[in-house]
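Working notes, structure below.
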Amino acid sequence: MKSLKEFTIPFVGLKIGKHHFEYDIEQSFFEHFEYEDFNDVKVNVDLVLEKKSTLLELHFKISGWVNVHCDLTNEPYNQDIENDFDLVVKFGDEYNDENIDLLILPHGSYEVNIQQYIYELIILAVPIKRIHPGVEDGTLDSEILKKLEELSPKLKEDETKVELEDMDPRWNTLKKLLTDK
């Protein structure tokens, strides 16, 4: 996959200390990754890069929303997301990104691309089960919800009444033995 130029940070020309970067992520970013679960995206990425003499520390913080479909009703809604992540970039003999929060770049590298980290940070911020807020508070009026309520199993109280009525009376005397201890 071709890397996007705006997410490549040339750290060679930066002074030692903290440097701030901001990115506005929209739907076109996810089209580049061919990710189609989001209908629309509006996420702000705040990145603080702290350059030290032997390594780089990157602190990502994201906030915003993604428009997704509800798992119960398939209604689209805006899911608020927030997440943060710390990444340490060290220098070594060869490229290595096997550790989650440690990236090793070869000696002589002059830039780091962060688009994959932003992509994963946003994807992981979205809950596994996506439920429309209107479902939780009862304000969403949907045909699917009405059908789900109609087909849902009855409450346990109704089941216990049916079980007591269908029970053979001979079992009642045996149950008394259990309570007479």
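If you use the numbering used here, the sequence shown corresponds to residues 11 to 191, in order. Idealized CB from N, CA, C, for every residue including glycine. Values in this document were obtained by computation on a predicted structure and should not be read as measured data.
Identity of the residue in the options nearest residue i by Cα
{"i": "A135", "options": "K15, V55 and S38", "result": "V55"}
{"i": "V196", "options": "P86, H142 and Y127", "result": "In the structure displayed, the chain extends from 11 to 191; residue 196 sits before or after that span and is not available."}
{"i": "P143", "options": "Q89, D50 and Y120", "result": "Q89"}
{"i": "L150", "options": "Y45, K15, F39 and P86", "result": "P86"}
{"i": "F39", "options": "K52, I141 and P179", "result": "K52"}
{"i": "L57", "options": "S63, E44, Y45 and I35", "result": "I35"}
{"i": "T64", "options": "H79, S119 and H30", "result": "S119"}
{"i": "V145", "options": "R180, H79, S73 and E16", "result": "H79"}
Beta-carbon proximity list for residue i, same chain, < 8 Å, skipping 5 on both sides
{"i": "H102", "result": "The sequence given here has Gly at residue 102, not His. Within the same chain, G102 has close Cβ partners I114, L115, P116 and H117."}
{"i": "E108", "result": "none"}
Separation of residue j from residue i, as counted between CA atoms
{"i": "R68", "j": "K28", "result": "Residue 68 is actually Leu in this sequence, not Arg. The straight-line gap from Cα to Cα measures roughly 9 Å."}
{"i": "K71", "j": "E41", "result": "22 Å"}
{"i": "D47", "j": "K157", "result": "25 Å"}
{"i": "L184", "j": "E92", "result": "59 Å"}
{"i": "D81", "j": "L131", "result": "21 Å"}
{"i": "K139", "j": "D178", "result": "44 Å"}
{"i": "K164", "j": "L187", "result": "32 Å"}
{"i": "F21", "j": "E121", "result": "5 Å"}
{"i": "L59", "j": "W75", "result": "24 Å"}
{"i": "G23", "j": "Y129", "result": "26 Å"}
{"i": "N123", "j": "P137", "result": "26 Å"}
{"i": "F31", "j": "T18", "result": "11 Å"}
{"i": "E160", "j": "N182", "result": "35 Å"}
{"i": "F95", "j": "T189", "result": "58 Å"}
{"i": "I141", "j": "S73", "result": "19 Å"}
{"i": "E104", "j": "E16", "result": "24 Å"}
{"i": "D147", "j": "R180", "result": "47 Å"}
Rounded distance between the beta-carbons of residue j and residue i, thought under 8 Å
{"i": "I110", "j": "K61", "result": "Going by Cβ atoms, the distance from I110 to K61 rounds to 22 Å, so no, they are not a contact pair."}
{"i": "N84", "j": "I154", "result": "7 Å"}
Same chain, Cβ closer than 6 Å to residue i, five either side skipped, listed in chain order
{"i": "D50", "result": "Q37 and N77"}
{"i": "Y45", "result": "none"}
{"i": "K100", "result": "L65 and I114"}
{"i": "L112", "result": "V98"}
{"i": "Y33", "result": "V55"}
{"i": "N106", "result": "I114"}
Contacts around residue i, its chain only, beta-carbon distance under 7 Å, and the 5 residues preceding and following it disregarded
{"i": "L14", "result": "H42 and Q125"}
{"i": "S152", "result": "T83 and E85"}
{"i": "S162", "result": "none"}
Counterpart residues of residue i in DSSP-defined beta bridges
{"i": "N61", "result": "Residue 61 is actually Lys in this sequence, not Asn. Note: K61 sits in a beta bridge opposite G27 and L66."}
{"i": "L131", "result": "BP columns for L131 are empty, so no partner."}
{"i": "E92", "result": "S73"}
{"i": "N182", "result": "DSSP lists no partner for N182."}
{"i": "V22", "result": "Its beta-bridge partners do not exist; DSSP assigns none."}
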